[in-house]
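> Residue numbers (the working numbering): 87 to 192. Don't be surprised by glycine CBs; every beta carbon is placed ideally from N, CA and C. Keep in mind it's a predicted model, so treat the numbers as computed, not measured.
1) Go ahead and pull the three-state DSSP assignment for residue 186.
2) Is the region 97 to 106 in contact with the region 150 to 165, if contact means three or more CB pairs nearer than 8 Å?
3) Roughly how many angstroms separate the alpha carbons of residue 98 and residue 126, rounded to a whole number?
4) Taking the beta carbon of residue 119 as the centre, do at least 16 other beta carbons fall within 10 Å, making it buried, or is it exposed?
5) Check each candidate in 122, 94, 101, 109 and name the one with the smallest Cα separation from residue 165.
6) Just to confirm my understanding: we take residue 175, look at its own chain, exclude 5 residues before and 5 after, and list those with CB closer than 7 Å. What are they?
7) If you draw a straight line from the alpha carbon of residue 109 to that of residue 170, how long is it in whole angstroms?
8) Below 8 Å between beta carbons: does that hold for residue 189 and residue 135?
9) Tell me the DSSP secondary structure of residue 127 in three-state form.
10) Who are the Cβ neighbours of residue 145 in its own chain at under 8 Å, not counting the five residues just before and after it?
11) Can the beta-carbon of residue 142 be found less than 8 Å from the beta-carbon of residue 184?
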């Protein structure tokens, strides 16, 4: 199965990307910011310089109000919320999975 086939764009992922772009305008727009991995899974990645030097909890405090503004059905499907500083892209194992998802049985 091709990796790109696991990275579907849907109305939910487009809405998430619009929300991310409004709050994090420096997010890397040439990279996927949200995609549907399976019928029950949406993956989200935000890359922003403001995350540099912050721990996971501090980063989540910056992003969770946005996530909570999404419809409940969309929130329930979020399985990965990857919050990275630009310098962390290459070293992050989860970023590798995000960019090249392993096949799913769903």
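The short version:
1) Indexing the chain shown from 1 puts residue 186 at position 100. Residue state, collapsed to three classes: coil.
2) yes
3) On the chain shown, residue 98 is found 12 positions in, with the first residue counted as 1. On the chain shown, residue 126 is found 40 positions in, with the first residue counted as 1. Those two C-alpha atoms are separated by around 12 Å.
4) Here residue 119 refers to the residue found at position 33 of the chain shown. With 16 or more other Cβ atoms within 10 Å, it is buried.
5) Position 79 of the chain shown holds residue 165. It is 122 whose Cα lies nearest to the Cα of residue 165.
6) To locate residue 175, count along the chain shown from 1; it is residue 89. Here the set comprises 133, 181.
7) Looking up residue 109 in the chain shown gives position 23. Looking up residue 170 in the chain shown gives position 84. Roughly 15 Å separates the two Cα atoms.
8) For the purposes of this step, residue 189 is identified with residue 103 of the chain shown, where counting begins at 1. For the purposes of this step, residue 135 is identified with residue 49 of the chain shown, where counting begins at 1. For residue 189 and residue 135, no; Cβs fall outside 8 Å.
9) Locating residue 127 in the chain shown gives position 41, where the first residue counts as 1. Residue 127: strand per DSSP, three-state reduction.
10) Against the chain shown, residue 145 aligns to sequence position 59. Cβ neighbours of residue 145 beyond the five flanking positions: 137, 169.
11) Translated into the one-based positions of the chain shown, residue 142 becomes position 56. Translated into the one-based positions of the chain shown, residue 184 becomes position 98. Result no, Cβ atoms of residue 142 and residue 184 do not sit closer than 8 Å.
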